[in-house]
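Colleague: Residue numbers (our numbering): 206 to 252.
Here it is: the structure, laid out below.
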Amino acid sequence: MIPENSLRLHRAMLSIGLLSLVSLDQPTFVAMVVTMSLIAIYKLMTE
């Protein structure tokens, strides 16, 4: 069972990440987004 809020947060993070990838092209920022996504996925898996 995944709470609605976690799903919304995850979708928001993904869309922000994608928009940032398109507009910026900074490896550091990309790494940060990937790390945040991995943490979010891990949290969703362990809930």
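A virtual CB, placed ideally from N, CA and C, is assigned to each residue, including glycine.
To the nearest angstrom, report how far apart L214 and M241 are at their CA atoms.
Modeller: L214 and M241: Cα-Cα distance of roughly 11 angstroms.
Colleague: May I have the straight-line CA-CA distance separating N210 from I221, to the nearest angstrom?
Modeller: Taking the straight line joining both Cα atoms gives about 16 angstroms.
Colleague: Please state whether DSSP places M209 in a helix, a strand or coil.
Modeller: The residue you asked about is not Met; residue 209 is Glu in the sequence shown. Three-state DSSP puts E209 in a helix.
Colleague: For A245 and V235, what's the separation of their Cα atoms in angstroms?
Modeller: Their Cα atoms are separated by approximately 15 angstroms.
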